[in-house]
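**Q** Using UniProt numbering, read the sequence shown as starting at 1 and increasing by one per residue.
One structure, pasted below without further comment.
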Amino acid sequence: MAFDYGRRRIGIAVGESLTGRARGLQTLATNQPGLQERLRALVAEWRPDALVVGWPTRDDGQATALGPAIRSFGEMLGREFGLPVYWADERLSSHLGRERIQRRRRDPGLDAHAAAVILEGWLTENTRNA
1 MAFDYGRRRI GIAVGESLTG RARGLQTLAT NQPGLQERLR ALVAEWRPDA
51 LVVGWPTRDD GQATALGPAI RSFGEMLGRE FGLPVYWADE RLSSHLGRER
101 IQRRRRDPGL DAHAAAVILE GWLTENTRNA
């Protein structure tokens, strides 16, 4: 399960290492009441083996200003669910996520598609020789 954490929204995606594919699941508001309970329900439903969080960097490789909030979010996920948390480069994830948007009612949103891009990149990098 992957997360694209932003100031206003968190995109969530699920995928599998066997195919290396992921799909956007949903987008939640960062400050919505009951966010942790909703995350708990998603993790219970999908039962992931690990959590992947998009890590933002500038072109020079340094973390962006959102880095501390994302680090805090990822650490909370690890404590809350007792699962390994991995960090993945999220550069271009929103741009590539736009290509996945489907103009229909049940589309999970750009942030969820960006999370899917993040997860597919992480799966490609980390399951090649598995």
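Glycine included, each C-beta is placed from N, C-alpha and C at the ideal position.
Treat the numbers as computed from the prediction; the structure is a model and nothing was measured.
So leucine 25 and arginine 9 are in contact, right, with Cβ under 8 Å, and what is the actual spacing, rounded?
**A** Not a contact, Cβ separation roughly 13 Å.
**Q** Can the beta-carbon of tryptophan 55 be found closer than 8 Å to that of alanine 13?
**A** Against a cut-off of 8 Å, the Cβ pair of alanine 13 and tryptophan 55 comes out as no contact.
**Q** With a CB to CB cut of under 8 Å and the five nearest residues on each side skipped, what residues in its chain are close to leucine 66?
**A** Within the same chain, leucine 66 has close Cβ partners Tyr5, Gly6, Arg7, Pro56.
**Q** Please report the straight-line C-alpha distance between arginine 23 and valine 85, rounded to a whole angstrom.
**A** Computed Cα separation, rounded: 19 Å.
**Q** Going by C-alpha distance, which of Ala44, Gly34, Val53 is nearest proline 68?
**A** Nearest C-alpha to proline 68: Val53.
**Q** Are the CB atoms of alanine 44 and leucine 119 within a distance shorter than 8 Å?
**A** Not in contact: leucine 119 and alanine 44 (Cβ atoms no closer than 8 Å).
**Q** Candidates Glu16, Thr64, Arg79, Gly61: which alpha carbon is nearest proline 48's?
**A** Taking only the C-alpha atoms, the option nearest proline 48 is Glu16.
**Q** Please determine, among Glu90, Glu37, Ala50, the residue with the shortest C-alpha to C-alpha distance to glycine 61.
**A** Nearest of Glu90, Glu37, Ala50 to glycine 61, Cα basis: Glu90.
**Q** Helix or strand or just coil, what does DSSP make of threonine 124?
**A** Correct three-state label for threonine 124: helix.
**Q** Pick from Asp107, Thr64, Glu80, Ser72: whose alpha carbon is nearest that of leucine 39?
**A** Checked all of Asp107, Thr64, Glu80, Ser72; the closest Cα to leucine 39 is Glu80.
**Q** Considering Cα atoms alone, identify which of Glu37, Leu83, Arg21 is closest to leucine 51.
**A** Out of Glu37, Leu83, Arg21, Leu83 has the C-alpha closest to the C-alpha of leucine 51.
**Q** Leaving aside the five residues before and after arginine 58 along the sequence, list all residues of the same chain whose C-beta is less than 8 Å from its C-beta, in chain order.
**A** Taken in chain order, the residues that qualify are Thr64.
**Q** What does the Cβ neighbour count give for proline 108, buried or exposed, with the cut at 16 atoms within 10 Å?
**A** Burial call: buried.
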